[in-house]
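Down below is the structure, laid out as structure tokens.
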Amino acid sequence: MLNDYMFGGLEINKFRETSSAHCTIGFSATKNDERFLVTAGHCVDDTTYMYQGGEIIGANHFNYQGSKADVGLIKLTSDKYLTSKLYKGSTMPMGQYTSYQEARQDMSIGDKVCTSGATTGFQCGEIISTYGSQATGDSLFPGLIVTSGMDTEAG
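In my numbering, the protein residues as written are 1 to 155.
Structure representation (structure tokens):
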């Protein structure tokens, strides 16, 4: 059943009830036999558990918010399955990566890229710079991939 899978782009919540405090699963990861979901650090900074569809899916394992990154790890405690597939939205068929880059140097200006997020939805664009930067508060995030045709401000 599809709701047994943790897709990149799937909405997750800090609270059992769906609220405005939602975030997005970036991708999944494993280390030894432990299973993790990667998201933004600000999504897990003040919570113990994370929810998806009103069910606890895991616990805050790690978060970092600093001048170089905003990353959080959720240690999966539910029986949900990890997948490399990308969630495209409740009214769209499940998507799947057709290609991927293993390293930054594999990305080129003009490449087409797609993202999926709880706030921004599923969208595609084109790489216009392989080394941009963004200032947020007191932090500077250099070395970002810059795209056109995509709303990246919402997270």
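Glycine is no exception: its CB is placed at the ideal position from the N, C-alpha and C atoms.
If I follow the unbroken beta strand (DSSP E) through residue i, where does it start and stop?
i	result
Gly-26	Run containing Gly-26: none; DSSP gives neither H nor E here.
Ser-78	Here Ser-78 belongs to no beta strand (DSSP E), and DSSP marks it neither H nor E.
Would you list the one or two residues that DSSP bridges to residue i?
i	result
Lys-112	Glu-126
Asp-70	Gln-65
Gly-117	Gly-121
Glu-17	In the DSSP output, where bridge partners are listed per residue, Glu-17 has none listed.
Val-44	Val-44 pairs with nothing; no bridge assigned.
If I'm right that residue i touches residue j with Cβ under 8 Å, what's the distance once you round it to whole angstroms?
i	j	result
Gly-9	Leu-86	5 Å
Lys-65	Asp-46	Residue 65 is actually Gln in this sequence, not Lys. About 11 Å separates the two Cβ atoms, so there is no contact after all.
Compare the Cα-Cα distances from residue i to each of the options and report the closest residue.
i	options	result
Ile-56	Thr-115, Ser-116, Leu-144 and Glu-17	Glu-17
Ser-133	Thr-147, Gly-125, Phe-7 and Phe-122	Thr-147
Val-113	Ile-12, Gln-123 and Thr-77	Gln-123
Asp-70	Ala-40, Ser-78, Ile-25 and Asp-79	Ala-40
Tyr-131	Gly-54, Gln-105 and Gly-58	Gln-105
Leu-76	Glu-11, Gly-110 and His-61	His-61
Ile-157	Ile-145, Gly-117 and Gly-121	Given that the chain is displayed from residue 1 to residue 155, the structure contains no residue 157 and the question cannot be resolved.
Met-50	Ser-129, Gly-72 and Ala-29	Gly-72
Cys-43	Ala-21, Arg-35 and Asn-32	Ala-21
Phe-36	Ser-84, Thr-115 and Ser-67	Ser-84
For residue i, which three-state DSSP category applies?
i	result
Gly-53	coil
Thr-32	Before going further, note that residue 32 is Asn rather than Thr in the sequence given. Residue state, collapsed to three classes: coil.
If you follow the alpha helix (DSSP H) that residue i is in, where does it begin and where does it stop?
i	result
Gly-8	That residue, Gly-8, is in no alpha helix (DSSP H); its beta strand (DSSP E) goes 5-8.
Gly-149	Neither: Gly-149 is in no alpha helix (DSSP H) and is coded neither H nor E.
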